[in-house]
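Heads up: the structure comes next, in structure tokens.
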Amino acid sequence: MSAVEPKPAIIDVQDIVVEYTKGRRALDQLNLRIGAGCHGLLGVNGAGKSTLIKVLLGLIIPQGGSGCVLGESLATADDRLRLRVGYMPESDAHLGDLPAIEAVAMVGELSGLPPTEATRRAHEVLHYCGLGEARLRSADGFSAGMRQRLKLAMALVHDPDLLFLDEPANALDPAGRAHMLDLLKDIRNRGVSLLISTHLLPDVSEICDSVVIVSRGRVVRAGRMDELVHGLSATWRIRVEGEATQFRQLLMEQGHSIRVDASAGQMVVELRGEQGTRPLFEAAHGCRVGIRELVPGARSIEDVFFETIEEPHGDS
Amino acid sequence: MAIHERVYQRMSAPPQAPASRPWAIIARVVGRHVMRSWKTRLVMFASLAPGLMFGLGIYFATRNEESLLSMARQFALTNIVSLEDVTAEVWRRVAANVLYVLEGHVQLWFGLILTPMLGATLIAEDLRTQAHEVYMARPLRPRDYVLGKMAVIGTRLLFILAGPPLLVLAIGNALIPSSFLPCLHFYPLTVVFAGIVAVSNAAVMVGVSALTRSARYATAIWFLVYFVTWVVSAILTETTSNRWFELVSWRSNQQIILSEMLALEPLHETIVSMPSTTHTVWPSVLVLSLASWWGWRMALGRMKPRHG
Chain A
1214 MSAVEPKPAI IDVQDIVVEY TKGRRALDQL NLRIGAGCHG LLGVNGAGKS
1264 TLIKVLLGLI IPQGGSGCVL GESLATADDR LRLRVGYMPE SDAHLGDLPA
1314 IEAVAMVGEL SGLPPTEATR RAHEVLHYCG LGEARLRSAD GFSAGMRQRL
1364 KLAMALVHDP DLLFLDEPAN ALDPAGRAHM LDLLKDIRNR GVSLLISTHL
1414 LPDVSEICDS VVIVSRGRVV RAGRMDELVH GLSATWRIRV EGEATQFRQL
1464 LMEQGHSIRV DASAGQMVVE LRGEQGTRPL FEAAHGCRVG IRELVPGARS
1514 IEDVFFETIE EPHGDS
Chain B
-8 MAIHERVYQR MSAPPQAPAS RPWAIIARVV GRHVMRSWKT RLVMFASLAP
42 GLMFGLGIYF ATRNEESLLS MARQFALTNI VSLEDVTAEV WRRVAANVLY
92 VLEGHVQLWF GLILTPMLGA TLIAEDLRTQ AHEVYMARPL RPRDYVLGKM
142 AVIGTRLLFI LAGPPLLVLA IGNALIPSSF LPCLHFYPLT VVFAGIVAVS
192 NAAVMVGVSA LTRSARYATA IWFLVYFVTW VVSAILTETT SNRWFELVSW
242 RSNQQIILSE MLALEPLHET IVSMPSTTHT VWPSVLVLSL ASWWGWRMAL
292 GRMKPRHG
């Protein structure tokens, strides 16, 4: 399954296969096509999120498949691509006990900035990431939140067009997390595309335009956030006039799940395997009840996520 | 605008390929940083002391003709009665022996100590924290990364191994002008030997550092290999009287290379142990090359993109 975006694709990979041990594929014929914007990469532990990011960065060479990132082929354009992407790894990844300013300036230089420009931008991004006061200190003495922000500064120093962020809000306290999300929103608003791998689903709802859900090495669902949460909803809140009991019974016999929200005077119907409202109207017609209210049931990204990973995907 | 008032802004154009070679950037930044350790600075400072002491020794020897003749007699193995008898060959032999003692014994000890101080953490710590991914996500090759880390060790070893002997050579040549021409070729040879030791030590150290992923283990392995091979070599050589067992020792191999480069001849009375001159330099070169190749490949292997 792949996400088809109207914008030009910044990531377009086909049939990516990564097999660490024989018979166990970390990525299994993975296809993904996403345009510019902020994308959440979701999946349970071991689903293949980090592996996918490393493949896109060229840190892992896949056994099969092809593709391009920012128009650069994964097979041939390592250096050109790496000048345009930034990477914030999940692990601590601080460069020895180098002072923050030197670490950031060095990776800036390695990314093609002249030394003076690298130092200037290192100061800027460290201030931007909230480490202005601590920029001369070694990362050894940094808190978890400061280390995350240092990694973000290192990823950002050469002004990439695309940022890969692996668990950016991991191990952060609520204040640190809020600060990190604010930073990411601001970076997004400056026109940098983000691909954020995370377990923290509320973070995705807060900052991402679209979501890619990976399970067992495959993309099993992808799309715009509003489409996933509302447009493709199979959950409906309805209020009927007439013999509601018979209507409910009929829907349950058809395998749909129903619960009654007495406080709102509504039924919450979750249609099994259906898109659209056709089964509701057919049941209402059969039971001679009138549907007086029909609104999409509000679903969170958590609902979408859990539904998706619980579905059997087979060859999807 | 003050630097703290600047705000992060997008750049007008994407960066181009780095102006300097990536390994040189790593060597410069990381190298500058490792020198901030007072322990490292202390060892490097202390490594200059033997050169100064040897220089002072030569100075005082030249102040007293009998001391100078005594030194020449000892090294030249000839019966010299006056300075007129001292030939260019005698000065060459004197200088070769002094250089051997200083570079092949004293400075090698400093190299032994300084190598893990500089290099044990360089790759091990990056692997432990997975910081190598930060490097590898930049436009640089694995060989640039390993070369940069080796250069951090190698340049400093080159300095402590070649600096003091060159100083002593220069002092001797300045105080005894007639010794200058016969000893001229020792200047490049001193640097070449220091280069061989610097490269081989650095390569093996980065290999061990990449192998263990722990700076402590890397240091322990470094000293263990050094001393175990030394002791085993000494025991085997003594018990079997077969000088080829000298090739087992990392240290002996380096000394054999130096003695061959200096065209050293055994003395009747020596203040330091002398390696055998019964076999050529090439087996020792081969041993050091193989060990260096292993270190290079080990470190490089850790950095290369993994195949899924």
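Protein chains in written order, with the working numbering: chain A, 1214 to 1529; chain B, -8 to 299. Using N, Cα and C, we set each Cβ at its ideal position, and we do this for glycine too.
Other residues of its chain near A/L1270: CB distance less than 6 Å, five sequence neighbours each side excluded: Y1300
Does the Cβ-Cβ distance between A/G1404 and B/R1 come in under 8 Å? Result yes, Cβ atoms of A/G1404 and B/R1 sit closer than 8 Å.
Let me know if A/V1473 comes out buried or exposed under the rule of 16 or more other beta-carbons within 10 Å of its beta-carbon. exposed
Should A/H1498 be labelled buried (16 or more other beta-carbon atoms within 10 Å of its own) or exposed? A/H1498 should be labelled exposed.
Against A/H1307, what residues of chain B qualify as contacts under a CB-to-CB distance less than 8 Å, listed in chain order? T120, A122
Whose Cβ in chain A lies nearer than 7 Å to the Cβ of B/L131? L1323
Please decide whether B/A189 counts as near chain A, where near means a Cβ-Cβ distance under 8 Å. no
Proximal residues of chain B, C-beta to C-beta of A/M1367 below 9 Å: V125
Buried or exposed for B/W14, please, with buried defined as at least 16 other CB atoms from any protein chain shown within 10 angstroms of its CB. Classification of B/W14: buried, given that the 10 Å Cβ count is 16 or more.
Using the beta-carbon of each residue, which ones in chain A are nearer than 8 Å to B/E229? Here the premise fails: no neighbours, minimum Cβ distance about 43 Å.
Name the chain A residues that come within less than 8 Å of B/R54, Cβ to Cβ? Result: empty, since nearest Cβ-Cβ is about 49 Å, beyond 8 Å.
Could I get the ranges of all uninterrupted alpha helix (DSSP H) runs contained in the segment 60 to 122 of chain B, with 4 residues as the minimum, in chain order? Complete alpha helix (DSSP H) runs here, min 4: 79 to 92, 98 to 120.
Starting from A/H1371, find everything on chain B with Cβ-Cβ shorter than 7 Å and list it in chain order. P6
Taking all protein chains shown into account, decide if B/Q7 is buried (16 or more other Cβ within 10 angstroms of its Cβ) or exposed. exposed
In its own chain, which residues sit with a C-beta less than 6 Å from the C-beta of A/V1508, not counting the 5 before and 5 after it? R1450
Buried versus exposed, by CB contacts within 10 Å (16 or more), A/R1297: buried
Let me make sure I understand the geometry here. Which of A/L1396, A/G1358, A/D1374, A/S1324 has the alpha-carbon closest to that of A/G1284? A/D1374
With burial defined as no fewer than 16 other Cβ atoms inside 10 Å of the residue's Cβ, what is the status of A/M1465: buried or exposed? exposed
Please tell me whether A/A1260 and A/S1428 are closer than 8 Å, where the distance is taken between their beta carbons. yes
Rounded to the nearest angstrom, what separates B/W273 and B/H96 at their Cα positions? 20 Å
Count the other C-beta atoms from every protein chain shown that fall within 10 angstroms of the C-beta of B/I16, then say buried if there are 16 or more, exposed otherwise. buried
What is the residue span of the alpha helix (DSSP H) that B/W235 lies within? Note, B/W235: premise wrong, no alpha helix (DSSP H); not H, not E.
Only counting the same chain, and skipping five residues up and downstream in sequence, which positions put a Cβ closer than 6 Å to that of B/A209? A111, A115, V199, S200, T203
If we define contact as Cβ-Cβ less than 8 Å, is B/H24 a contact residue for chain A? yes
By Cβ distance, which residues of its chain are closer than 6 Å to A/G1358, with the 5 residues on each side in sequence left out? L1385, G1389
Compute the Euclidean distance between the alpha carbons of B/A290 and B/L118, then round it to the nearest angstrom. 10 Å
With distances taken between CB atoms, is the gap from B/P130 to A/G1325 smaller than 8 Å? Cβ distance < 8 Å, so B/P130 and A/G1325 count as in contact.
Around the Cβ of B/N88, are there at least 16 other Cβ atoms within 10 angstroms (buried) or fewer (exposed)? buried
Chain-order list of residues whose beta-carbon lies under 8 Å from that of A/E1232 (same chain, five-residue window excluded): R1238, A1239, Q1276
Bridge partners - A/I1224, DSSP secondary structure assignment: A/I1247, A/V1282
Continuous beta strand (DSSP E) stretch holding A/Q1479: start and end: Annotation for A/Q1479: the continuous beta strand (DSSP E) segment containing it runs 1479 to 1483.
Partners in chain B for A/V1320, counting only beta-carbon separations shorter than 7 Å: V125, R129
If you check the beta carbons only, do A/C1342 and A/L1396 fall under 8 Å apart? Contact flag set, yes.
If you reduce the DSSP assignment to three classes, tell me which class B/F171 lands in. helix
Can you tell me whether A/K1262 is buried or exposed, with buried defined as 16 or more other CB within 10 angstroms of its CB? It is buried - the Cβ of A/K1262 has at least 16 other Cβ atoms within 10 Å.
Interface partners of A/G1271 on chain B, CB under 7 Å: P296
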